[in-house]
Amino acid sequence: MRRLSLLASVVASLLLLSSNAFSQSQQDLIKGSANTDNVVNYGMSYSQHRYSTLTQINKRNAKNLVPVWSLSLENELGEQGQPMVFDGVMYVANAKFTVAIDVAMGKQLWRTPVNFDPATPRVVCCGQSYRGPALYNGRVYRGTLDAHLVALDQKTGKEVWKTKVAEWKEGFSIIGAPQIANGVLITGISGAEFGVRGFLDGYDPETGKQLWRRYTIPAAGEKGSETWPNATAAARGGGSTWITGSYDPQLDLVYWGTGNAAPWNPDSRAGDNLYTASVLAIKPKTGEIVWHYQLVPNEMFDLDANWEWIIADVQHEGRPRKVIMHMSRGGFLYVVDRTNGQLIAAPAFEKTSWASHVDLKTGRPVETALTQEFRAGKQMELWPGQWGAKNWAHAAFNPETGLLYANTMHNSRLVKKADPGEYKVGARYVGFENLPAPREAGRPIGHMDAINPLTGKHAWRTPVQDTPSYSSMLATKGGLLFTGKATGEFTAVDMDSGKTLWQFKTPSGINAQPITFTHKGKQYVTIQSGLGGTGVLRMGDFFVGQPRNGSVWTFALADD
44 MRRLSLLASV VASLLLLSSN AFSQSQQDLI KGSANTDNVV NYGMSYSQHR YSTLTQINKR
104 NAKNLVPVWS LSLENELGEQ GQPMVFDGVM YVANAKFTVA IDVAMGKQLW RTPVNFDPAT
164 PRVVCCGQSY RGPALYNGRV YRGTLDAHLV ALDQKTGKEV WKTKVAEWKE GFSIIGAPQI
224 ANGVLITGIS GAEFGVRGFL DGYDPETGKQ LWRRYTIPAA GEKGSETWPN ATAAARGGGS
284 TWITGSYDPQ LDLVYWGTGN AAPWNPDSRA GDNLYTASVL AIKPKTGEIV WHYQLVPNEM
344 FDLDANWEWI IADVQHEGRP RKVIMHMSRG GFLYVVDRTN GQLIAAPAFE KTSWASHVDL
404 KTGRPVETAL TQEFRAGKQM ELWPGQWGAK NWAHAAFNPE TGLLYANTMH NSRLVKKADP
464 GEYKVGARYV GFENLPAPRE AGRPIGHMDA INPLTGKHAW RTPVQDTPSY SSMLATKGGL
524 LFTGKATGEF TAVDMDSGKT LWQFKTPSGI NAQPITFTHK GKQYVTIQSG LGGTGVLRMG
584 DFFVGQPRNG SVWTFALADD
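Residue numbers for the sequence shown follow our numbering, beginning at 44 and rising by one.
Structure, rendered in structure tokens:
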């Protein structure tokens, strides 16, 4: 009996060890990239710094980078995701598949199809792309284009549960990675261009049961509802939540940006239109809004506040401040106290014609005469254009230099209000004339920038002449930035000067998110390649003949 008992104990211990090899706790997520063998957070940490302390690959030896392996993802729809890594396995997600890969060999371990309704793309605003999975407690979580949330077994890829978040035929979709905060699985939603009422949802990661829903447009009688003229306008008011939020475990607050108001033409929705074009500080267990800050009241130029809200501790006016930072579509760089929502700074980092500045006392942008003429029905040249001074492609923050690094845009558009037409469920609801503006020869279409967040001043700018980059930035303590180009090059850049030190041409364009990690003491860098998303739609003629097949590439220093 003792032998049987001992055998049972050994078997139980082995099973526990096997289970733990595929488990991530909340503590693992809080540690983030401190364990360099793993990448378990969107943005490399809850703070979304996209920064690594690894130095094995550095400015001196970046020229010796070589591809270690690549794997076809058999996806022609575009790759915008960030891979995750845990215990020697990489997890990659796009619109069509979720894939597990051995990080040492590049061998596919399993692949699970998404199987979304083939009619779904008609309600996907800006390309059929997806931004990556989440890992927690032995499962892989992801959203789908037809607005479902799915949990897969991390070992096998088999579906554990699937929950319908919203009805895609009404204009909803999910294109952003979910977030795990304080044990709650949180997902955002897309669809503002279709006149949806945006929301954030919290779910039980074990069962897929909905725990709460926080609408970004208040219901009648709720705080903020007075900023809408009537219930009909609010019900179609937009405020989508399609980019993953950041999380401060100490304050237990999730920071999530909201999108444009609907329709873009503001004539039918007088008022500030809370909580569109805002950042919300939310309790993850309940969805309670603790505070909000609205970047653009009565938003009218598709000026989302969705992009990453980067958590940092900075010195301001001689004292430390806990902040979140956001390089906005509208060209201002917002630094907000993350404890209470107070605006600290909002310098311009790009040319702006819609607002002269942001009033630090009121927190509101000061609209120009051009914008007032636009509201009156005239055409204006909008700087930055609707593409944004920066689009969704995420910035990196180096806490040692105190600088933000980003791919930005330098482009204007000729815009004018138009009739959005009668609202129809699941149909585009915009009301906006958006035409190319004259562009003088030699003017850059974008830049790679290093920027002081408190002043907006550039430490350096590297011009981009051909097509804007929709690839995120990765910064490392080795003095490097990693990013990609829409023409397919994966690049290592000198963080101090913006000079390209190394590049490798992948088979398709890059509009995804690089990561770095270690395996058995060796540093690797990974990127997904596969042209798709908004950049292709806006620069379509430029990409005629460019291959579209998706793949994932991993690089390391050549062995001596």
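A virtual CB, placed ideally from N, CA and C, is assigned to each residue, including glycine.
Coil, strand or helix - residue i by DSSP
{"i": "S48", "result": "In this prediction, S48 scores a pLDDT of 44, lower than 50, which makes its location untrustworthy; no coordinate-derived value is stated."}
{"i": "Q70", "result": "helix"}
{"i": "F475", "result": "strand"}
{"i": "V83", "result": "coil"}
{"i": "N450", "result": "strand"}
{"i": "K207", "result": "strand"}
{"i": "N107", "result": "helix"}
{"i": "P506", "result": "strand"}
{"i": "V366", "result": "strand"}
{"i": "R165", "result": "helix"}
{"i": "A535", "result": "strand"}
{"i": "K433", "result": "coil"}
{"i": "T543", "result": "strand"}
{"i": "K520", "result": "coil"}
{"i": "P156", "result": "strand"}
{"i": "S321", "result": "strand"}
{"i": "T577", "result": "helix"}
{"i": "N489", "result": "Correcting the residue identity first, residue 489 is Gly in this sequence and not Asn. Residue state, collapsed to three classes: strand."}
Straight-line Cα distance separating residue j from residue i
{"i": "L296", "j": "W435", "result": "22 Å"}
{"i": "A6", "j": "F533", "result": "Here the chain has residues from 44 to 603 only, and residue 6 is not among them."}
{"i": "T79", "j": "N180", "result": "19 Å"}
{"i": "Q589", "j": "A419", "result": "42 Å"}
{"i": "L497", "j": "P390", "result": "7 Å"}
{"i": "W153", "j": "G521", "result": "33 Å"}
{"i": "P463", "j": "E342", "result": "15 Å"}
{"i": "I353", "j": "S321", "result": "15 Å"}
{"i": "L243", "j": "E483", "result": "42 Å"}
{"i": "P442", "j": "I229", "result": "27 Å"}
{"i": "V431", "j": "A599", "result": "The sequence shown places Gly at residue 431, rather than the Val named in the question. Their backbone Cα atoms lie some 34 Å apart in a straight line."}
{"i": "R240", "j": "E210", "result": "12 Å"}
{"i": "Q429", "j": "K198", "result": "43 Å"}
{"i": "T329", "j": "G245", "result": "8 Å"}
{"i": "T287", "j": "H437", "result": "11 Å"}
{"i": "G374", "j": "Q415", "result": "18 Å"}
{"i": "F547", "j": "T505", "result": "19 Å"}
Of the residues the options, the one placed nearest residue i, counting alpha carbons only
{"i": "T519", "options": "A105, D71 and N84", "result": "A105"}
{"i": "G485", "options": "A502, P272, K198 and V507", "result": "V507"}
{"i": "Q70", "options": "W153, H191 and P292", "result": "P292"}
{"i": "A136", "options": "P156, D539 and N81", "result": "P156"}
{"i": "Q125", "options": "Q91, T96, K102 and E202", "result": "Q91"}
{"i": "S172", "options": "T187, V183 and R182", "result": "T187"}
{"i": "W112", "options": "M133, S95, R93 and I325", "result": "M133"}
{"i": "P164", "options": "G149, F215 and R182", "result": "F215"}
{"i": "L413", "options": "F392, S399, D196 and T206", "result": "S399"}
{"i": "V203", "options": "G170, A274 and E249", "result": "E249"}
{"i": "K394", "options": "H490, V333, P340 and L386", "result": "H490"}
{"i": "Y466", "options": "M452, H359 and T275", "result": "T275"}
Cβ-based neighbour list, residue i, same chain, cut-off 6 Å, excluding 5 preceding and 5 following
{"i": "V109", "result": "A601"}
{"i": "A608", "result": "Look at the range of the chain in this structure, 44 to 603, and you will see that residue 608 is not part of it."}
{"i": "P327", "result": "A224, N225, V227 and V297"}
{"i": "F417", "result": "M423"}
{"i": "L447", "result": "A438, F440, I494 and P496"}
{"i": "D347", "result": "G302, N303 and R372"}
7 Å Cβ shell around residue i - same chain, five flanking residues per side excluded
{"i": "C168", "result": "S233 and E236"}
{"i": "L425", "result": "F344, S396, W397, S455, R456 and V458"}
{"i": "M44", "result": "Note on M44: pLDDT 44, under 50, position unreliable in the model; the coordinate value appears next. So the list is empty, once near-sequence residues are dropped."}
{"i": "L544", "result": "K102, A105, K106, A535, V536 and D537"}
{"i": "L114", "result": "I144, G149, Q151, S594 and V595"}
{"i": "K139", "result": "N118, L120, P156 and V157"}
{"i": "M370", "result": "W350, L376, F392, K433, A438, L447 and A449"}
Start and end residues, alpha helix (DSSP H) containing residue i
{"i": "E416", "result": "A412 to R418"}
{"i": "A274", "result": "A274 to A278"}
Contacting residues, own chain, Cβ-Cβ under 8 Å from residue i (five flanking each side not counted)
{"i": "S572", "result": "E122, G527, G531, F533, T549, P550, S551, G552, I553, A555, G593, S594, V595 and W596"}
{"i": "N308", "result": "M343, K460, A461, D462, P463, V473, G474 and F475"}
{"i": "G445", "result": "V357, N495 and P496"}
{"i": "V83", "result": "Q67, D71, L72, G75, M127, V128, F129 and L178"}
{"i": "L49", "result": "In this prediction, L49 has a pLDDT of 42, which is less than 50 and means its spatial position is unreliable; nothing more can be read from the coordinates."}
{"i": "A147", "result": "G131, H562 and K563"}
{"i": "P479", "result": "R456 and L457"}
Where the beta strand (DSSP E) through residue i begins and ends
{"i": "A599", "result": "S594 to L600"}
{"i": "A439", "result": "A439 to N441"}
{"i": "Y377", "result": "L376 to D380"}
{"i": "L192", "result": "H191 to D196"}
Proximity test, residue i beta-carbon vs the ligand NAP heavy atom, cut-off 7 Å
{"i": "T319", "result": "Questions concerning the ligand NAP fall outside what the structure shown contains, since it holds no ligand whatsoever."}
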